[in-house]
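Read in order, the letters of the sequence shown correspond to residues 588 to 705 in this note's numbering.
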Amino acid sequence: MRCWTGRWSLRGMGPMSPRCRSCDPVPSQLRAVADLLERRWTLGTIYACSSGAARFNEFRQSLPGVSPTTLSERLEQLEAAGIVERQLVSGRPPHAEYRLTAKGKRVATAVAGLLEGS
C-alpha cells in the first residue's frame, strides 16, 4: 500500500501533500509523546537519569548549558508523562530524587539504541 500519490506541486518545490485515504492518522498519544521528546534537553535529561543522575544538581552537571528553569520544566513534564517519578527524601536537607519508571526505562533503551549506530 502506497501513501504518497507521486504528484508534484506546480511551483517545483517538492511533492504535494499526500491525499491518501487509506492511511491511519497518527494516534494522539504518539503525537503527545513525540511533542515532549522533541523538546530541547528532554532526551539528554532521560539519558542523564538512566546514567545515574537522581538529584537536580546532578542533572545540571550532566547537562551543561541547561538553565535551572528549563531543567525543572523538563523534569515536571517527564513526570507528568510517566517517564520519571519524583520521590521526596527526608533528611537534612530534604530533597527530591528522580528515577525512571518502567516506561522511562523503555524510552532510555530506545535512546541508547540510537547511540549504538553512531
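From the three backbone atoms N, C-alpha and C, an ideal C-beta is built for every residue, glycine too. In this text, all values refer to a predicted model and were calculated from it rather than measured experimentally.
Per DSSP, the beta bridge partners of Y685 are R673. Residues of the same chain with a CB within less than 6 Å of the CB of G691, apart from the 5 flanking positions on each side, are I670, V671 in chain order.
C-alpha of R626 to C-alpha of S615: approximately 17 Å in a straight line. Taken atom to atom, the span from the alpha-carbon of R693 to that of E660 is near 21 Å. Annotated as proximal: L650 and L658, with beta-carbon spacing under 8 Å. P651 carries a coil assignment under DSSP once its states are collapsed to helix, strand and coil. Counted as a single uninterrupted DSSP element, the stretch harbouring C610 is not any alpha helix (DSSP H), since DSSP gives it neither H nor E. Nearest Cα to A697 within the set S609, A619, Y634, R618: Y634. Looking from the CA of L675, the closest CA among A689, R642, A699, A667 belongs to R642.
Residue L665 holds the alpha-carbon nearest to the alpha-carbon of T629 among P681, R679, H682, L665.
DSSP places A635 in the uninterrupted alpha helix (DSSP H) bounded by 629-637.
In the three-state scheme derived from DSSP, where H, G and I count as helix and E and B as strand, E625 is classed as coil.
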